[in-house]
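Reading through the structure tokens given below for one structure.
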Amino acid sequence: MNRHNSATLEWDSESPKSVHFNDFYFSTDDGLAETDYVFLKSNKLRERFSSLKHNTFTLAETGFGTGLNFLTTWLLWKSSSTNSSSLHFISAEKYPLSKNDLTRALSAWPQLKHEAGQLLTQYPELNSGFHQLRFDGGRVVLTLMFGDVVDCYRQLNVKVDAWFLDGFSPAKNPGMWTPELFQLMAYHSKSNTTFATFSCARVVRDGLTQAGFIINKKPGFGLKREMLSGTFSGTPMQTNNKEKTPSWFSLPPKHTSDKTALIIGAGVAGCSTARSLAQRGWKVTLVDRHSAIATEGSGNRQGALYAKLPVEPIPASRFHLSGFLYSSNFLKQNLADRPDIWSPCGLLQLASSEKERLKHRKLADSGNYPDSIVRFVEQDKASELAGITVNNSGLFFPEAGWATPPLLCKWLTEHPNITIKTSTHIAKLEHKENNWTAFTKENQTLSASIVVVASAADSTLLEQLKQLPVQKIRGQVSLTQSNIQAPPLNTVLCSQGYISPSKEGRFCFGATFDLKDEATDIRESGHQHNLTKIAEMAPELANTLQQYHTDNSLTGRVGFRCASPDKLPMIGAVPVYEAFVEDYAQLRHDAKKAIDTPPKHYPGLYANLAHGSKGLISGPISGEIIAAMLENEPLPIEKELIDILNPARFIIKNLIRRTI
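So, in structure tokens, the structure goes:
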């Protein structure tokens, strides 16, 4: 998000007023009473929450503002819903408040202090896109979308039960109250979806009616004469959606059979998926062919957690940034008291050349990223932050740090709904009568209603996944095995290589990228490569490490990254290759051909692999993506980003290129 898009406020006593719209965020008489009357009572939420017949209630809002509507809804939910149900609250905001302004605005409501404190703790950086926050053990989920309301709801994937049509009045904010918005409301509504809005303006009445809503006028709150509420008629609406998903990227239907899952591969991606499903009540069996979990690509002592960003955001970098922000918030919320697993020490991405230095400066000056995510620092400031002399300027990521993947995986799987089976090598999968059976090389069988394959490059040994294009890339890291008298490094350093601050007096640094090499031996050439990369960033530290190597010998570890041709992971339903080639064959002759044939996937079979060297930022959110698909929940990222992760994308690209 351009940093200038945050809200600019004036304060009348303690009531916030938007400078841009010249209007107050809530009633200066009693904002809480206004929310209760206009939105909660008009949508009959208390009665609906208490008599909820299905497990989830989904509510959507057009203007988050100060979060007052969300917090009052949350409070009502806690007092009137059942313990087995969950609330999904979706809200868009084009001009989000800064955390300081939000803190001040919510301080006016001491009765919301507990909930407001939790919201403020997780309140995201002001970066455009989706931000998903979880409260009350996951029973309450807020999907906060920063951006234009129409753009945001075009990226949504679910139907909702109720609408809060909020925002500044149509006279002051005509850009929000548009036919496109009303059509999108209809598109995301069910036959019994309700709405409520403080506005009774003609443009609102006409827009809602034309979109298929039955409207009712009722007395407004306070001095306002009238307001609107009503119900969607159930008439299907076609949206003017320029970002309409091609048919081949349509999501699979909601899972409706028993909630049992088999996850193959116990690295960060597999363990994250197991955790996400277990928290939703799934019974998960997590298998790995090794004798312990997190022994391959997720087996390093330390890994850097950050996103490498371009000057101008592109879909791939937006996904990586979303993953980084999700992971850093997830770790902060759950592992702040586990310094052995997670250290939010910050990270310096140092320039390796003058050209890169200028690029870093351009990125920082672009306004595309808030300073709270990344900022440019000159060499002297970088050295001060690192605690040692570094060779160049760089980008500083204050919320980044390092994590210990094996311990993270262990923590993720400590859940009563997860059963771990190691030394279990899945050789074949068969699907019959809504159930998968896995046959192991150890002559065992395992069954579940869905299977998630997260076994990196080994995934393609299974018949259903053999067409997925993956690449195995060898990497060697170097390790000191005893306490080392070295300059105190305060932050992670990365450039062409990386090094983390010492853990228990020992350093982990690397790493090599060795293509077409599957040997597992530790090599002196690998150590020298890694030492050279540290010397290019911090010569003094490199000299200390070289002397340690001379006196004691470094040890190391070899792992294998799994990457895709476009360097993005594959997350989603596994396509039936032959069916895709046949159904979308016309793309060979016309890349823009509209084909309505729905995609054919193996029912209940999902892939979560090819995270490369970015598993710490893409792994945790990948588990949430798959869980949201299975449960038909709001996705944690925009649909257009889900599409670039779709395992079927390579079939479509190759058809267009006529290589298949």
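Taking full-length UniProt numbering, the leading residue of the sequence shown gets 1, the next gets one more, and so forth.
Ideal Cβ positions, reconstructed from N, Cα and C, are used throughout, including at glycine.
Can you list, in chain order, the residues of its chain with a C-beta nearer than 6 Å to that of residue i? Leave out the 5 residues immediately preceding and following it.
i	result
SER447	ASN435, THR437
LEU106	ALA116
LEU634	The sequence shown places Pro at residue 634, rather than the Leu named in the question. Excluding sequence neighbours, PRO634 sits near HIS88, ILE90, THR143, VAL158.
ARG289	HIS425
PHE610	Residue 610 is actually Ala in this sequence, not Phe. Once the five neighbours on either side are set aside, the close Cβ partners of ALA610 are VAL470, CYS562, ALA563, SER564, PRO569, MET570.
GLN279	GLY138
MET1	A caution first: MET1 carries a pLDDT of 42, below 50, which makes its placement in the model unreliable, though a value can still be read off. Within the same chain, MET1 has close Cβ partners LEU126, ASN127, SER128, PHE146.
LEU335	ILE341, TRP342
Grab me the residues of residue i's own chain with a C-beta within less than 8 Å of its C-beta, minus the 5 sequence neighbours each way, in chain order.
i	result
residue 716	For the chain, the structure presents residues 1 to 660; residue 716 sits outside this window and is missing.
SER199	LEU165, SER169, PRO170, TRP177, MET227, LEU228
THR193	LYS159, VAL160, ASP161, ALA162, TRP163, THR231, PHE232
VAL204	LEU165, PRO170, TRP177, THR197, LEU228
PHE21	PHE168, LYS172, ASN173
According to DSSP, is residue i helix, strand or coil?
i	result
PRO569	coil
ALA351	coil
LYS410	helix
MET145	strand
LYS190	strand
ALA105	helix
ARG48	helix
LYS421	strand
GLN546	helix
SER449	coil
LEU515	strand
LYS242	Note that LYS242 scores 47 on pLDDT, short of 50, meaning its location in the model is unreliable; the coordinates nonetheless yield the value given after this. Looking at LYS242 - three-state DSSP - the assignment turns out to be coil, as it is neither helix nor strand.
residue 668	What the structure shows of the chain is the stretch from 1 to 660, and residue 668 is not part of that stretch, so it cannot be assessed.
ASP590	coil
ILE642	helix
TYR498	strand
PHE224	Reading off the sequence shown, one finds Lys at residue 224, where the question assumed Phe. In the structure shown, LYS224 sits in coil (DSSP, three-state: anything other than H, G, I, E or B).
SER229	strand
PHE650	helix
GLY510	strand
VAL581	helix
SER247	helix
VAL140	strand
ASP166	coil
Which same chain residues end up closer than 7 Å to residue i when comparing Cβ atoms and leaving out the 5 residues on each side of it in sequence?
i	result
THR239	Caution is warranted here: a pLDDT of 49 is assigned to THR239, below 50, making its placement in the model unreliable, and no coordinate value can be reported.
MET441	Contrary to the premise, residue 441 reads as Lys rather than Met in this sequence. Answer for LYS441: HIS425, ALA427, listed in chain order.
VAL574	GLN464, LEU465, HIS601, TYR602, LEU605, TYR606, ALA607, PRO647
SER13	none
HIS4	Because HIS4 sits at a pLDDT of 41, beneath the cut-off of 50, its placement in the model cannot be relied upon, and the following sentence gives the value as read from the coordinates. GLY367, listed in sequence order.
ALA454	ILE263, ILE264, GLY265, GLY267, ALA269, GLY270, THR273, ASN608, LEU609
I need the boundaries of the beta strand (DSSP E) containing residue i, first residue and last residue.
i	result
PRO603	601-609
GLU93	86-93
ILE264	260-264
ASN334	Counting along the chain, ASN334 falls outside any beta strand (DSSP E), though it belongs to the alpha helix (DSSP H) covering 315-335.
HIS431	426-432
GLU504	Note, GLU504: premise wrong, no beta strand (DSSP E); not H, not E.
ASP596	Here ASP596 belongs to no beta strand (DSSP E), and DSSP marks it neither H nor E.
residue 724	Nothing can be reported for residue 724, as the shown portion of the chain is limited to 1 through 660.
PRO219	213-219
For my contact list, residue i and residue j are in at a C-beta cut-off of 8 Å; report their separation, rounded to the angstrom.
i	j	result
GLY559	GLY297	5 Å
ARG557	ASN300	6 Å
GLY572	PHE513	Wrong, their Cβ atoms sit about 27 Å apart, outside the cutoff.
GLY346	PHE397	6 Å
SER478	HIS527	5 Å
ALA400	LEU305	6 Å
Name the two residues that bound the continuous alpha helix (DSSP H) containing residue i.
i	result
residue 675	Residue 675 is absent from the model: the chain starts at 1 and stops at 660.
GLN210	202-210
GLU631	615-631
GLU34	31-35
LYS381	379-386
LEU277	268-278
LEU286	Per DSSP, LEU286 belongs to no alpha helix (DSSP H); it is in the beta strand (DSSP E), 283-287.
SER478	No alpha helix (DSSP H) contains SER478, which is instead part of the beta strand (DSSP E) from 471-479.
ALA535	524-537
GLY117	113-122
(Q) Taking contact to mean 3 or more Cβ pairs, one atom from each stretch, closer than 8 Å, check whether the segment 399-408 and the segment 568-583 are in contact. (A) no
Q: Please confirm if the segment 50-62 is in contact with the segment 23-37, defined as three or more CB-CB distances below 8 Å between the two stretches.
A: no
Q: Evaluate contact between the segment 525-542 and the segment 450-459, counting only Cβ atoms and requiring at least three cross-stretch pairs below 8 Å.
A: no
**Q.** Cβ contact (3+ pairs, closer than 8 Å) linking the segment 504-515 and the segment 476-488
**A.** yes
(Q) Tell me whether the segment 118-127 and the segment 94-109 touch, counting them as touching only if at least three CB pairs, one residue from each stretch, are closer than 8 Å. (A) yes
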